[in-house]
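Undergrad:
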Amino acid sequence: ANGMIARQKQWTYLLMAVLIFMAPFWITTHQHMAFFQELVIEPKNTIDFISNNIPQSANLMIQPGYGLRIMQGTGNNIVGMPEKPDNFMELIELYDTHYFIFGEIYTNYHGKYSVETINFIKTNQNFELIATLNEDYSRFYRENDPKRKDMIKIYKFTG
């Protein structure tokens, strides 16, 4: 019985040595592993614009669908844009928000979030359009999908 246990230990040690020796080769040849992937945070052009033109201390009010991605890419504080503009001006004051971000995908194609508030921003003279940014999500969507391209607008509260 002791001889069998000793052989099992030998085989176990041999197997462990082979696995340890082979692990680096396997890892380097399997590029689909998460730590070999390029970090992709979209919308890239929007994130670059915010990082270069808006202070990181500024609070951003963002249309649902974009918030987490922009927060990850910029580090700014994010407030969700309300669906209706009924108490919108009070929210701007409450959260000390001066920048408002929304895009075509979540206004026209996917969910149609905060459309009334977006129309309020576009037609109110207290808001100035400071950027229109084209985004390309071709890495994520098929050729004929309307969500493949996006146009994101950034407005600043001037009132």
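Numbering (the numbering used here), first residue to last: 1258 to 1416.
Quick reminder that beta carbons are idealized off the backbone N, C-alpha and C, glycines included.
Quick caveat, the model's predicted, so the values are computed rather than measured.
(1) By how many angstroms is the C-alpha of residue 1362 removed from the C-alpha of residue 1369?
(2) Confirm, please, whether the CB-CB distance from residue 1341 to residue 1364 is below 8 Å.
(3) At the level of alpha carbons, what is the spacing between residue 1284 and residue 1271?
(4) Below 6 Å CB to CB, which residues in the same chain sit around residue 1307 once its five sequence neighbours on both sides are set aside?
(5) Expressed to the nearest angstrom, what Euclidean distance is found between the alpha-carbon atoms of residue 1399 and residue 1354?
(6) Which whole runs of the beta strand (DSSP E) in the stretch 1319-1396 are 3 residues long or more, in chain order?
(7) Nearest to residue 1336 by alpha carbon, out of 1349, 1414, 1379?
(8) Going by C-alpha distance, which of 1377, 1410, 1268 is nearest residue 1392?
(9) Just curious, the alpha helix (DSSP H) that residue 1251 is in, first and last residue?
(10) Kindly give me the distance between the Cβ atoms of residue 1405 and residue 1394, rounded to whole angstroms, as I take these residues to be in contact under 8 Å.
TA: Looking at the coordinates:
(1) Against the sequence shown, residue 1369 aligns to sequence position 112. Against the sequence shown, residue 1362 aligns to sequence position 105. Distance between the alpha carbons of residue 1369 and residue 1362 is about 8 Å.
(2) For the purposes of this step, residue 1364 is taken as the residue at position 107 of the sequence shown. For the purposes of this step, residue 1341 is taken as the residue at position 84 of the sequence shown. The answer is no: Cβ separation not under 8 Å.
(3) Here residue 1284 is taken as the residue at index 27 of the sequence shown, counted from 1. Here residue 1271 is taken as the residue at index 14 of the sequence shown, counted from 1. Straight-line Cα distance between these residues: approximately 20 Å.
(4) Numbered from its first residue, the sequence shown carries residue 1307 at position 50. Only 1331 meet the Cβ criterion.
(5) By one-based count along the sequence shown, residue 1399 stands at place 142. By one-based count along the sequence shown, residue 1354 stands at place 97. Distance between the alpha carbons of residue 1399 and residue 1354 is about 36 Å.
(6) 1334-1337, 1354-1360, 1384-1393
(7) Here residue 1336 refers to the residue found at position 79 when the sequence shown is read from its first residue. If we check each option's Cα against that of residue 1336, 1349 comes out closest.
(8) Here residue 1392 refers to the residue found at position 135 of the sequence shown. Of the listed residues, the one whose Cα sits closest to residue 1392 is 1410.
(9) The structure shown does not extend to residue 1251, since the chain spans only 1258 to 1416, so no value can be given for it.
(10) By 1-based counting over the sequence shown, the position of residue 1405 is 148. By 1-based counting over the sequence shown, the position of residue 1394 is 137. Going by Cβ atoms, the distance from residue 1405 to residue 1394 rounds to 6 Å, so yes, they are a contact pair.
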